[in-house]
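Just so you know, we're using UniProt numbering here: the sequence shown kicks off at 1 and counts up by one.
Just so it is clear, CB atoms sit at the ideal spot from N, CA and C, and this is done for glycine as well.
Note that the coordinates shown come from a computational prediction; the quantities given were computed from them, not determined experimentally.
Worksheet for the structure shown next.
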Amino acid sequence: IRSSFSKFTKNKKTKSCSVSDAEHSPMHTSSGSPSNLKPISGSVSRLDELETVPQVVELKKQLEDKDSALTDVRLDALDKAREVDILKETINRLKRKANNFTCIKSEDKI
C-alpha cells in the first residue's frame with residue numbers, strides 16, 4: 001500500500017507543479033549570482049558531529065515517527081476515498097436497477 005501511495009504522490013506532484021526546483025535555487029534570485037555564493041568549509045565534518053548529538057538523534061526519531069503517522073493518515077484517507085467511490089457506484093447501479101424495474105412494472109400494467 002505504501003508503494004502505491006508513493007507512486008500516487010509522485011505522479012500528483014509532477015502533474016501539479018509547473019515550476020522546477022531549479023527556479024527556486026539561489027542561482028535564480030537577484031542576489032544569487034555565482035560570485036555571491038560562498039563556499040562552505042568543513043560542513044561535512046560538522047554534520048558528522050551533529051549526527052551524534054542526542055537532541056539531533058531524538059529529533060530525527062520524532063520526525064520519522066510523525067512522517068510515518070502522516071503516511072498512515074494519508075493511506076487511510078485514500079482508502080476512505082476509494083470506499084466512497086465504490087459506494088457511489090453501488091448507489092448508481094441500484095438506481096438504474098430501480099428505474100429498470102419501475103419501467104418494466106409500468107409496461108406490465110399497460
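Distance between residue j and residue i (C-alpha atoms, nearest Å)
i: Arg93; j: Cys103; result: 15 Å
i: Glu58; j: Arg74; result: 24 Å
i: Glu49; j: Ala69; result: 29 Å
i: Val53; j: Ala77; result: 36 Å
i: Thr71; j: Asp79; result: 12 Å
i: Asn99; j: Lys88; result: 16 Å
i: Lys13; j: Arg46; result: In this predicted model, Lys13 has a pLDDT of only 49, less than 50, meaning its place in the structure is not dependable; the value taken from the coordinates is given anyway. Between Lys13 and Arg46, the C-alpha separation is close to 33 Å.
i: Leu63; j: Arg96; result: 49 Å
i: Lys66; j: Ser106; result: 59 Å
i: Ile85; j: Lys61; result: The question names Ile, but residue 85 is Asp in the sequence shown. Roughly 36 Å separates the two Cα atoms.
Close Cβ partners of residue i (< 7 Å) along its chain, the five nearest in sequence each way excluded
i: Thr90; result: none
Beta-carbon proximity list for residue i, same chain, < 8 Å, skipping 5 on both sides
i: Glu51; result: Val57
Own chain residues within Cβ distance below 6 Å of residue i, not counting five before or after
i: Thr101; result: Just to set this straight, residue 101 is Phe in the shown sequence, not Thr. Hits under 6 Å: none found.
Quiz item: Of all the alpha helix (DSSP H) runs that stay within the bounds of the segment 45 to 109, which reach a length of 4 or more residues?
Solution: 54 to 109
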